[in-house]
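Undergrad:
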Amino acid sequence: MKTAYIDNVGYEFNSGETILEFVRRIESNKDAIPTMCQDDRLENFGSCRVCSVEVAREKDGPTRTMASCHTPVGEGLYIYHNTDKMKRLRKNIVELVLTDYPADKVFPPENKKATPFQETIAQIGIPNVRYPEGKNHLDIEPDRAHPYIKSDLSQCINCFRCVRACEEIQGEMILGMSGRGFATNIIKGFDTSFDESACVSCGACVQTCPTEALTDKYETKTLVADKTVRTTCTYCGVGCQLEVSVIDGEIKGIQAPETAEVNEGHTCLKGRFAFEFYNHSERLREPMIKKNGKFEEVSWDEAYDFIATRMIAIKNKYGADAIGGISSSRATNEENYLMQKMIRVAVGTNNIDGCARVCHAPTAYGMQQSFGTGAATNSVEDLKQTDAIFLFGANPVKGHPVTGAKIKQAFMKGITSIVVDPIKTKLADLATYHLQIRPGTNVAILNMICHYIIADNLVDDSFIKDHTEKYEEFKSHVEGLNMDELSVLTGVDKELVRKAAFAYASAERAMEFHGLGVTEHFQGSKTVMLLSNLAMMTGNIGRNGVGLNPLRGQNNVQGAADMGVQPHQGAGYMDINKPEVQQYYADKYGVEKMPEREGYKIPQMLDAAIDGKLKALYIMGEDTIMTDPNTNHSIKAFEKLELIVVQELFMTATTEMADVILPASSYFEKNGTFTNGERRVQRVNKVVEPIGNTKPDGQIIIDMMDRLGYQQPTGLTYNAADVIEEISDVIPFMKGLSWDRLGENGLQWPIKEDGTDTKMLHIDGAFKKGIGTFHHFDFEESPEIVTHGKKFPFILTTGRELEHYNSGTMTRRTDNQKILAKDVLEVHPKDARRKGIEDNEIVRIFSDRGSVEIPVKFSKNVKRGVLRTTFHQPEVFINIITGSVGDEETMTPEYKVVAVDFERI
Amino acid sequence: MANKNIRTLSSRKELDDNLFENIASASQKEQSKEELQKLSKRFMLDDSVVLGTSTFYDFTREENKNKKVHVCTGTACMVARTQDNIHKNLEDHFNSNEIGHAACVGHCHSNNAFMYDDKTYNAATKDEVKNIINNKSYQNNDYKVASNTTPILTSKIDDVAAFYQLAEQLKNNSQNTIQQLKTSNLRGRGGAGFPFWFKLDAVIKEDSNQKYIVCNADEGDPGAYSDMYLMEHQAHKVLFGMYVAGLTVGADTGVLYIRGEYPDSIKIVGEAIEELIAKNLIQNFKFKIIRGQGSYVCGEETALLNSIEGLRPEVRVRPPYPAQYGLYGKPTVLSNVETFANIHWILENGGEAYAALGKGQSTGTKLVSLDSFFNSPGMYEIEMGTPLQTIFDEFGGGFKSEIKGLQIGGPLGGIVPMHKIKDLTLDFESLGSNGFLLGHASFVSIPVDFPMVKFLEHLLEFTADESCGKCYPCRIGSHRGMEMLQKAQNSDYKIDKQLFDDLLETLEIGSLCALGGGIPLPVKNALQYFKNELNEYFTND
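These protein sequence lines map, in sequence, to chains A and B. The first sequence: position 811 = 812 (this note's numbering), numbered continuously. The second sequence: position 414 = 530 (this note's numbering), numbered continuously.
(1) Can you list, in chain order, the residues of its chain with a C-beta nearer than 7 Å to that of M530 of chain A? Leave out the 5 residues immediately preceding and following it.
(2) Out of curiosity, what's the CA-to-CA distance linking Q583 of chain A and K114 of chain A?
(3) Looking at T369 of chain B: is its Cβ nearer than 8 Å to the Cβ of K402 of chain B?
(4) Shortest alpha-carbon distance to L549 of chain A belongs to which of A:S380, A:K736 and A:K836?
(5) Got a sec, what are the start and stop residues for the beta strand (DSSP E) N186 of chain A sits in?
(6) For A304 of chain A, name the three-state secondary structure that DSSP assigns.
(7) For the structure I just gave you, are there three or more beta carbon pairs, one from the region 515 to 526 of chain B and one from the region 558 to 578 of chain B, closer than 8 Å?
(8) If the criterion is Cβ atoms closer than 8 Å, does the pair E497 of chain B and T479 of chain B meet it?
(9) Mind listing the chain B neighbours of T655 of chain A? Cutoff is C-beta to C-beta under 9 Å, in chain order.
(10) Any Cβ of chain A within less than 8 Å of the Cβ of C587 of chain B?
(11) Answer yes if the region 272 to 281 of chain A comes into contact with the region 804 to 815 of chain A, meaning at least three C-beta pairs across the two stretches below 8 Å, and no otherwise.
(12) In chain B, which residues lie less than 8 Å from V98 of chain A when you measure between Cβ atoms?
(13) Taking the alpha-carbon positions, what's the E303 of chain A to E287 of chain A distance?
(14) When the cut-off is 8 Å and only beta carbons count, does G626 of chain B lie next to chain A?
(15) Could you please give the first and the last residue of the uninterrupted alpha helix (DSSP H) stretch that includes G597 of chain B?
(16) For the alpha helix (DSSP H) holding P148 of chain A, just list the boundary residues, first then last.
(17) One question on the structure: do I692 of chain A and S729 of chain A come within less than 8 Å of each other, judged by their Cβ atoms?
(18) Considering Cα atoms alone, identify which of A:I446, A:D576 and A:P568 is closest to I353 of chain A.
(19) To which residues of the same chain is D755 of chain A closer than 8 Å at the C-beta, ignoring the five residues directly before and after it?
(20) Pull the bridge partners of D588 of chain A from the DSSP assignment, please.
(21) Please classify P563 of chain B: does DSSP put it in a helix, a strand, or coil?
(22) How far does the beta strand (DSSP E) with K858 of chain A in it extend, from its first residue to its last?
(23) Using the Cα positions of P438 of chain B and L450 of chain B, report the straight-line distance between them to the nearest angstrom.
(24) Against chain B, does E120 of chain A count as a neighbour if the rule is that its beta carbon must be under 8 Å from one of theirs?
(25) Report buried or exposed for H361 of chain A, applying the criterion of at least 16 other Cβ atoms within 10 angstroms of its Cβ.
(26) Please classify V961 of chain A: does DSSP put it in a helix, a strand, or coil?
(27) Using a C-beta to C-beta distance shorter than 7 Å, which residues of chain B count as neighbours of S152 of chain A?
(28) Is any beta-carbon of chain A found at less than 8 Å from that of T171 of chain B?
(29) Fully enclosed by the region 314 to 392 of chain B, which alpha helix (DSSP H) runs are 4 residues long or longer?
(30) Ignoring anything shorter than 3 residues or poking outside the region 463 to 514 of chain B, list the beta strand (DSSP E) runs there in chain order.
(31) Distance check for V245 of chain A and K222 of chain A, CA to CA, integer angstroms please.
(32) Give me the chain A residues within the contact set of M117 of chain B, using Cβ-Cβ distance strictly less than 7 Å, ordered along the chain.
(33) Chain A partners of K149 of chain B, CB-CB under 8 Å?
(34) Return the first residue and the last residue of the alpha helix (DSSP H) that R845 of chain A is part of.
(35) Determine the chain A residues that contact H595 of chain B at a beta-carbon separation under 8 Å, and present them in chain order.
(36) Applying a beta-carbon distance threshold of less than 9 Å, which residues of chain A neighbour E582 of chain B?
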């Protein structure tokens, strides 16, 4: 046993444990030794020295003073942490600190919580300052320009926590220290303001700052809240846990809880700051029916009756298949489950689809083909164990900021890293290899990579032999490909590809991450299957630190698909074309029979509407008009519909076209669960009461089902815990799921009956489908380019920015809009100048579908011939020009390859 | 360990395209802001990193950009009271805003020191200054050199090629090398006296494909110029020591971090490296000189490593030690110039021969720097254990004027009153056990008429000036200490003795490194031995 002594009593210590950790653990007291500069999430630093303790080599022997935060415990060490000498030292240090700290900030004001610094000095004992007045930093001007983050460095105690959080948590170095000695000072960027700096507004600095030198506009740190509620963020598939402070029934601030497994006390500006949309004046508060072209507020009963009457009439006249439902990946699992159930059971059709259609459907489909399960094989925490990261078509720094920051950390620390992206993103810049392909050539580049792995003899033969099928066909296919041709096609030097392939395949553990740059393509599903091949041929599956890990776009994309929001699979991915499956669901739902025909995918719904086959569309929380491609086509389809019902938070391009608008409650106003990108089901807890006369989507669906003649067995009141119980009965891999078991950090499915969850799938090659299947494909040029490439010679690719969440319905109604107010068109300066276009000039960009106007931003992050933009702002409405080509298998639109041209106005 | 990201990003371009050198040159350019911003982009860093570094050093700070000449503010020049005169003489040639300062340029033997046009000078008269400025006439930095024993460090190298021959026998014989060094009991000459062999042994055990040898040639201790002597007159002894250390532990790169206040050292060592390459005397090993930019704390080993990396030279926490996590996070043997310079003799003559010199645990010889108050100032190689009085009499030749005490071993070294000199010998133990320090074995004389309170103010001002600003005791405490000493001299304010004692204890036991932790030693010496003189500045209780 390794023994060290605290006040002469021996205890076992853990290897690598610091004295501070040891004493805290033994005494079960986080405050056993006071600290100022220390933060569990940060590297030990040792600047404040108030954690100093006396240590001796023998009992009551001569002691030395050591900072406990960075001194490891050693065998036979005698630790005395509360001696008079140490108490004096701490008090004397505090006295020094107080010589350069505002005298009126020593105690918290009456209605505010004490800051950690105020707590620490109270713990140590607040000394009288005996020093004569000298030089100080009390007159530093506050910096209040940034919408969220404020600094008043007169209260700064130079603990470096903000500087370290910026680098060590977020992976930025916006905050730094300048000067030396007494003149050291926190700086932002090149000594500018937060607003002017490249700050990504994550707020990690604010959260760790122990004083009010750094605060947010909500002053969250010192709020005395009536209550704090832990919930799951709605802004992406990472699934950050948030701790929301509520005063008088209103949200006053958000912090990231350090106990959260997913985000470990960190989150991004969307999760932390962008909550003010929830009670924005533009929130829809009453149900509305369009009468004579104008929306009129009506009662819920009137709205429900109106919808039910019309839907039943349409069903009677045209059949149930004339009705479609679009569900939302932003809604909870329970609501998605109820929505698909309503369409399938109460309406009687499989025409149910969700916004996964426009993002990750190819992932689910492709991975099912290869492995048997359409979900991330590993967990994000595996990043700690991997040796190489292969990032394909994703920019998680913007789209999935907390996971992105973790990946960025690994990249900066020099992990072997490969990025495939037509855009030179920050991660691409940091990566060991960046394969900057022409958009749309994913299959070609993957074929090259696989070709070289085989050529260089880096395949894992035994894994292939023991756990997979059809490798030989794949092998002979890629072996026969001409690398020079593919090199020209992709625009990437073949030697670079070879090196990248070598790096991936020779790593002991390599982890793949991919995003919409894989799926939103004509060959999206094929690309997913090739990514699967890559993992299988190198044995990078079924172990820690490997696998194929899709970065899910919306918070609950995974969950919506799990819940059966797909026209071909019901809850739990069972094929609804099979009679036995139909019977299974009929039994579970307590109905006679289930609809038999496979339903429409969203693009098919729109086409069917144009063809007059679809007459009604029931949409829960999606702005189809703005987010689906080829807006004019969508509008045309909507115009043909006889009934459009939309559940929404705000007026959108889609609600404008609706017949009935049902005001829904936001995620702050209801209970439920979201499933993040690593299959983790986490609780969404109600923080505040529903705004105005809104109802949770789940309640609305239950009410509608009732009107349509189906009684939800869990009762007429939406209760998430009860719906979960039903889900756990229907979905086999969620058997052990229950509200109570989810606890604070959720469970990763499959969840066994006893509640055991699963961090990793396909362990040791035991694939869900029994054996992993190789597929092989040739690169095929997108029809978009084949048809329109000559006339429209530029390729537009679309993506997201950090500050906004897709169509921006929520984020545009927060101060995020102050940080980023415009969509811009990124153009290589040479391409722009050839057209006589200057930076910031507004241009007309046009395609076969239409044209929009947009300001230009010069950028060398795009290659010549490639343009990039985002789709957050309705002022631009970029989807007017995007096209109707979709993934061959899943019809996911090809947002990433649009044949366009642009010109001066 | 903090700053891993910045460190790794810097290490991507490593030493050939060194971040620190880039920051230094960008800072000195006309458009320094734009240049620095370009640099942060090129290294994939944010602006705060490069600005943070450039605002740290004397020579890279924006406000010092236009300084054309730097007057030495070292302790020896201060007590010699020559520098006001130098400043005045320089004002004939420069605007006062063009005159900056440098913390000791190593002319402690003569004083009147300044640095101009990348050279250091001492010039007592107006005419001398004029001659230097107008004619750029180069003046040799001359001082006396002698030894009282077998010359190890001061012996002449006749044939460089023959000198390096020894390395051939040492290849593939690491254990023997370590054994000889262990037997010799060579201890680090930077001041801490850590057994040198132990560092090699620790690094050899590390499994890493990249290791470094780093020579700490940031001899910032005012009063000491022994490393300067070695670099300018015995460069090959230093380089050989580094080369052999590299052969022994499997490191292929040696970095010499030489302070910018020693431009001649940088030049001469550079020439010696070129000579090695030209004569093909070393294999599979490369040297790199990094020029310091004016910061005393860079002499602290972890600050020095951060400095090479282009990070702010803030002291790192230990563990990990440089042997495990050194330059760019790789295992690193880091030692002082004089330590490396001893290695050739030890390996040529054997560890036992070396251990036979000296006294007890202090083996070998030590270079001693005597200042201009001695009748014979200069650089003397003295066998460890020699009585100080003998050095003063036989080499120093007595003092030019009456001295009340000496500060031995740099600004963190003890203040020894004259009457204690006779009790002391030149070794770690004698000085240490008497409450002083061997340190760098520099001797700065304090004349009888120099107020001790002013001397203390100088020490605390130096510490406050040079503190890296990381740990609270040093950053705030040294500054407050300086303020109190100033106030007590300039007004009827009396320093609260209890408060002053508290401050000294806080610095001593609370500081992160030896700068804040070491400054109380001389201050306490002064309070003990010069109590009568200092009493009037304190409350009497």
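For each residue, glycine too, the CB sits at the ideal point set by N, CA and C.
TA: In short, the structure shows the following:
(1) Only G367, Q370, S371 and H776 meet the Cβ criterion.
(2) Those two C-alpha atoms are separated by around 57 Å.
(3) Inclusion of T369 of chain B and K402 of chain B in the CB contact set at 8 Å is warranted, their separation being smaller than that value.
(4) Here the closest residue by C-alpha is A:S380.
(5) Unbroken beta strand (DSSP E) run through N186 of chain A: N186 to K189.
(6) If DSSP states are grouped into helix, strand and coil, A304 of chain A belongs with the helices.
(7) Contact holds: three or more Cβ-Cβ distances are below 8 Å.
(8) No.
(9) Those within 9 Å of T655 of chain A in chain B number zero; the least Cβ separation is about 40 Å.
(10) Yes, C587 of chain B lies at the interface with chain A (some Cβ there is under 8 Å from its Cβ).
(11) Touching, yes, given that three or more Cβ pairs across the two stretches are closer than 8 Å.
(12) Near V98 of chain A (Cβ distances below 8 Å), the residues of chain B are Y588 and I592.
(13) Their Cα atoms are separated by approximately 11 Å.
(14) Judged by the 8 Å Cβ criterion, G626 of chain B is in contact with chain A.
(15) Secondary structure note for G597 of chain B: its alpha helix (DSSP H) is the uninterrupted segment S594 to N606.
(16) Unbroken run through P148 of chain A: none, as it is neither H nor E.
(17) Going by C-beta atoms, I692 of chain A is not nearer than 8 Å to S729 of chain A.
(18) Answer by Cα proximity: A:P568.
(19) Within the same chain, D755 of chain A has close Cβ partners G737.
(20) Beta-bridge partners assigned by DSSP to D588 of chain A: none are found.
(21) P563 of chain B falls in the strand class under three-state DSSP.
(22) Element bounds for K858 of chain A: S852 to F859.
(23) The alpha-carbon atoms of P438 of chain B and L450 of chain B are separated by roughly 7 Å.
(24) Under the Cβ criterion of 8 Å, E120 of chain A is not counted among the residues facing chain B.
(25) Buried, since its Cβ has 16 or more Cβ neighbours within 10 Å.
(26) Because chain A here runs from 2 to 906, residue 961 of chain A falls outside it and cannot be looked at.
(27) Simply none; closest approach about 13 Å.
(28) Under the 8 Å criterion on CB atoms, T171 of chain B is classed as interfacial with respect to chain A.
(29) You should have 342 to 349 and 351 to 365.
(30) Taking 3 residues as the shortest admissible run, the region 463 to 514 of chain B contains the following complete beta strand (DSSP E) segments, listed from N- to C-terminal end: 481 to 486 and 494 to 499.
(31) Near 12 Å, if we compare the C-alpha coordinates of V245 of chain A and K222 of chain A.
(32) Chain A residues near M117 of chain B: E44.
(33) What K149 of chain B touches in chain A: F191.
(34) That residue, R845 of chain A, is in no alpha helix (DSSP H); its beta strand (DSSP E) goes I843 to F847.
(35) Here the neighbours are G135, K136, G182 and F183.
(36) The answer, in chain order, is R181 and G182.
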